Amino acid sequence: MLAKDQYLAYLNKVLGVLKEVKTRFGRFILLTVFLTPLLTMMALAWISPVVLTIYLSFTDLNIQNLLTFNVRLTLENFGKIFKYDPFVPEVLRITVMYVTSVLFINAIYSLILSIVLAYLIRNEFLSIFLRVSWLIPRITPGIIYALMWNWFIDPRSGLLNPLLQALGVPAEWLPRSWLLQKPYSQLLMIIVNGYVGASFGMIVYTAAIKSVPDDIIHAAKVDGASDLQVARHIIIPLLKWPILFVTAWQTLSLMASYEQILMIWGSGGGGGYRGITRAAGVTVWALYSYTKAFDDFEYGYASALSLLLVIIGIALIILYFKIFGFRRLMEPSKVEV
Amino acid sequence: MATGGRSSRSWRYVSKVLKVLVILGVAVIPLIPIWSMVAWLAIQSFSKKVTLGLVPLGLSIENWRFLWSPVRAGLKEYPNIWPVTINTLLLALGVSMLVVLVSTLGGYAISRIDFKGRTLLMEFIIALHAFPSIILLIALFIILNKLGLYGKGIITLIGIAIIKAGLEIPMSTWIIKGFFDSIPWDLEWAALVDGCSRLKAWKSVILPQVLPGIAAVAIFSFLAGWSEFLLVFTYVKDETYYTLPVLLYHMIGEFKFIDWGLLAAMGLFYTIPTLLFFTLTQKVLLRIYVGGVKG
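Chains as they are written, first to last, in this note's numbering: chain X, 75 to 411; chain U, 7 to 301.
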């Protein structure tokens, strides 16, 4: 009797465990099915290249030992960056100038633009039309944007020089080639990327401005506040977080960006981007690293150059998590255009 | 008081003028280059010669000759447009399909299944979203090379599609997760109570609810693949396997001195899917906001 009870209890226990194992196992299978593709792709496209970049920067990988992968571990690459490469100081100067100027457009100019578009312009249709127009540089495929700019700045058939002359700029101030002559080419680089970046700030800011309660603005207006005062004392203080967010986000993406520069100068220069970007003084850090890898075939050195960007990137992202917290960082991901 | 009233009226007038000037100066005048570029692309592609880029002199379809005859510059003959278009299409479709498959699965897991390290995974995805992938190009090149996918024609394009999809996946997974989040639990419970397995409930009850999200992700990743330049430019050296943006890149330098019309026509041809999809996407987005179940 007792033995049977015990036996039954024991059986129940075993069955319970089996059931538990089954649900757990089912769950595990479910999770594996759903998560494996995601994790595999992330490992392939993100984690392994980051790890590989770190490793390669300590090697002398170049065109000669690419196939055998018979590399030597060395610290030479970093010595080269910090001491011996004569071109690094200039690249650094160009990069700092590029990032700060475009950042100014992306964070500050787009703020003014958004206040104008979302607050000053009361006509909804006009506001939408202008907003869509400002999105064009971002929506257009990069190579088309490059093609259009190449035409626009063309000294013979383009519109830029005639426009400037019509505005009263003396002909002798205008360059014969916007692509090649130095201060002009660098100005062009800033403007071209500024147009693309301005819309990012615009999307984030206009959404934030629209969410400012109307009552506050009305109350201020009734008290006799001018539009300027409303903008300065009500809207801008409420946009503190979006401004910080746009600045942070754009700093990182600007430091690493070079695709637009490569496309405009490379295509305009007949396919070879290296000489023309150097002559025009538009070789930013990331582009320099790209050139070192795919033109000079010094993969190890190029990796060391981009490792610095990877380190800055990771440091900045950790900083963002500290500043914004997880929640705030997640929100804007849905408005990506 | 009376004078005060008048001066405040004239002040109001001045401030109104100022406001219009600010609107013009900040939001309208800087758009003149952009508007004129777009107008140029459309006008130039249909006329042989234009003055100041915007005033056409006669209508012509000769610029579109690349559709039916080979394009030459001197001795060089450029690859035919149609195989290149098919390459571009295959790349874009490959990216789109992979992204949809992986992010629909992953997005559901993150949204609905509780597991260890879920928050960590979410944080990691957001971090990747912020991280500029473009600086990983060198390491990706070495990986492609070591996997034996470099310089192998169509196989290289497949490799590029996988890489591009991998780079797009954190963002798209996040978007799809948002859609799964907005489906009420009750719906899934009901299916489970009715005896569906979790997998079946996912397939037949949950998935139809997020179709707008899947469509949006599919379109965005298709366009990302369609306009991908750098990966193809860097990894594909054989002209037969060029995609449209890379072909255009190599043609601009040659034809900008002789034939802007051809470039504009090719540019317009290449932009058609982008234009098409952006008008369509608006509808999809509208459906996202108007229809469907909101949590």
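All residues carry an ideal CB built from backbone N, CA and C; glycine is no exception.
Just so it is clear, the structure is predicted and the values come from calculations on it, not from any experiment.
Please compile the residues from chain X whose C-beta is within a distance smaller than 9 Å of the C-beta of residue i.
i       : result
R15(U)  : Per Cβ cutoff of 9 Å: no residues; R15(U) is ~14 Å from chain X at best.
L217(U) : Under the 9 Å cutoff, chain X gives no residues; its nearest Cβ is about 17 Å from L217(U).
Name, please, each residue of chain U whose Cβ falls closer than 8 Å to the Cβ of residue i.
i       : result
E333(X) : I140, F235 and L236
F108(X) : L111, G112, Y114, A115 and I119
A367(X) : L143, I144 and F147
A378(X) : Residues of chain U passing the Cβ test: none, with the nearest at roughly 10 Å.
L238(X) : The contacting residues do not exist; L238(X) stays about 11 Å from chain U at best.
Looking at C-alpha atoms only, which residue of the options is the closest neighbour of residue i?
i       : options                               : result
M272(U) : L282(U), W208(U), F137(U) and V252(U) : V252(U)
A98(U)  : F228(U), L254(U), L73(U) and A33(U)   : F228(U)
L173(U) : K22(U), V108(U), S117(U) and W208(U)  : V108(U)
S327(X) : F52(U), A133(U) and F261(U)           : A133(U)
L268(U) : V242(U), S66(U), V101(U) and I119(U)  : S66(U)
L185(X) : V95(X), E246(X), V278(X) and F132(X)  : V278(X)
W46(U)  : Y362(X), L234(X), R101(X) and Y394(X) : L234(X)
F147(U) : K78(X), L130(X) and W323(X)           : L130(X)
L261(X) : A299(X), V173(X), V95(X) and L241(X)  : V173(X)
W359(X) : S380(X), Q255(X) and I182(X)          : S380(X)
L149(X) : A367(X), L135(X) and D297(X)          : L135(X)
I128(X) : Y394(X), I388(X) and Y81(X)           : I388(X)
I121(X) : I169(U), R124(U) and P62(U)           : I169(U)
Using the C-alpha atoms, what's the distance from residue j back to residue i?
i       : j       : result
T277(U) : S233(U) : 9 Å
R293(U) : P218(U) : Note that R293(U) scores a pLDDT of 46, beneath 50, so its modelled location is shaky and nothing firm can be said.
M103(U) : T110(U) : 11 Å
T351(X) : W223(X) : 16 Å
T357(X) : F121(U) : 46 Å
S175(X) : G64(U)  : 42 Å
L383(X) : A145(U) : 14 Å
S189(U) : M116(X) : Just to set this straight, residue 189(U) is Ile in the shown sequence, not Ser. Distance between the alpha carbons of I189(U) and M116(X): 26 Å.
I189(X) : S139(U) : 32 Å
T142(X) : N151(U) : 11 Å
K314(X) : G268(X) : 21 Å
I35(U)  : M263(X) : 19 Å
R118(U) : D187(U) : 8 Å
M7(U)   : S14(U)  : For M7(U), the pLDDT reaches just 43, beneath the cut-off of 50, and the residue's location in the model is therefore unreliable, although a value from the coordinates is still provided. Using only the alpha carbons, I get a separation of about 10 Å.
I182(U) : V106(U) : 9 Å
I141(U) : A330(X) : 6 Å
L281(U) : Y219(X) : 14 Å
L187(X) : L126(U) : 37 Å
R204(U) : G100(X) : 9 Å
Y295(U) : G184(U) : Because the pLDDT at Y295(U) is just 39, under 50, the model does not fix this residue reliably, and the point stays unresolved.
A245(X) : I265(X) : 21 Å
V223(U) : T285(U) : 15 Å
Q138(X) : L237(U) : 23 Å
I310(X) : L118(X) : 42 Å
F178(X) : L163(U) : 38 Å
V107(X) : S207(X) : 43 Å
At a CB-CB cut-off below 7 Å, which residues of chain U make contact with residue i?
i       : result
S341(X) : Y255, I258 and G259
T133(X) : Those within 7 Å of T133(X) in chain U number zero; the least Cβ separation is about 10 Å.
N224(X) : I258 and K262
M337(X) : F235 and Y255
G344(X) : G259 and E260
Since residue i meets chain X, which of its residues come closer than 7 Å, beta carbon to beta carbon?
i       : result
G273(U) : I218 and L221
V32(U)  : I186, L187 and V190
V44(U)  : I210
R204(U) : L104
Where does the unbroken alpha helix (DSSP H) through residue i begin, and where does it stop?
i       : result
T214(X) : It is not in any alpha helix (DSSP H) - T214(X) carries neither H nor E in the DSSP assignment.
L198(U) : W191 to V199
K206(U) : R204 to A207
T179(U) : I160 to D187
K152(U) : L143 to K152
Which residues bound the beta strand (DSSP E) around residue i?
i       : result
V270(X) : Per DSSP, V270(X) belongs to no beta strand (DSSP E); it is in the alpha helix (DSSP H), K256 to K284.
L59(X)  : This structure gives no information on residue 59(X), because the portion of chain X shown stretches from 75 to 411.
P62(U)  : V61 to L63
Can you pull the chain X neighbours of residue i, defined as C-beta to C-beta under 8 Å?
i       : result
F137(U) : W120, L326, G387, I388 and I391
G172(U) : M115, M116, L118, A119 and W120
S21(U)  : S300 and D301
Run down chain U in chain order and give the residues with a C-beta less than 9 Å from the C-beta of residue i.
i       : result
W423(X) : Any question about residue 423(X) goes unanswered here, given that chain X covers just 75 to 411.
V165(X) : Correct list: empty, because the minimum Cβ distance to chain U is about 14 Å.
For a contact meaning CB atoms closer than 9 Å, what does residue i contact in chain C?
i       : result
F284(U) : In summary, chain C is missing from the structure at hand, where the protein chains are X and U.
Say whether the region 155 to 168 of chain U touches the region 372 to 390 of chain X, bearing in mind that this needs 3 or more beta-carbon pairs closer than 8 Å, one atom from each stretch. no
Worksheet item: Is the region 336 to 348 of chain X touching the region 190 to 198 of chain X in the sense that three or more CB pairs, one from each, lie closer than 8 Å?
Response: no
Query raised in the report: Are the region 208 to 226 of chain X and the region 261 to 276 of chain X touching, with three or more C-beta to C-beta distances below 8 Å?
Result: yes
message = Under 8 Å, with one C-beta from each stretch per pair, do the region 246 to 257 of chain X and the region 151 to 158 of chain X reach the 3-pair mark?
response = no
query = How about the region 82 to 95 of chain U and the region 235 to 250 of chain U: do they share at least three Cβ pairs that are nearer than 8 Å?
reply = A contact between stretches requires three or more CB pairs, one per stretch, nearer than 8 Å, and the region 82 to 95 of chain U meets this requirement with the region 235 to 250 of chain U.
Determine contact between the region 284 to 304 of chain X and the region 237 to 244 of chain X, defined as no fewer than three beta-carbon pairs at a distance below 8 Å. no
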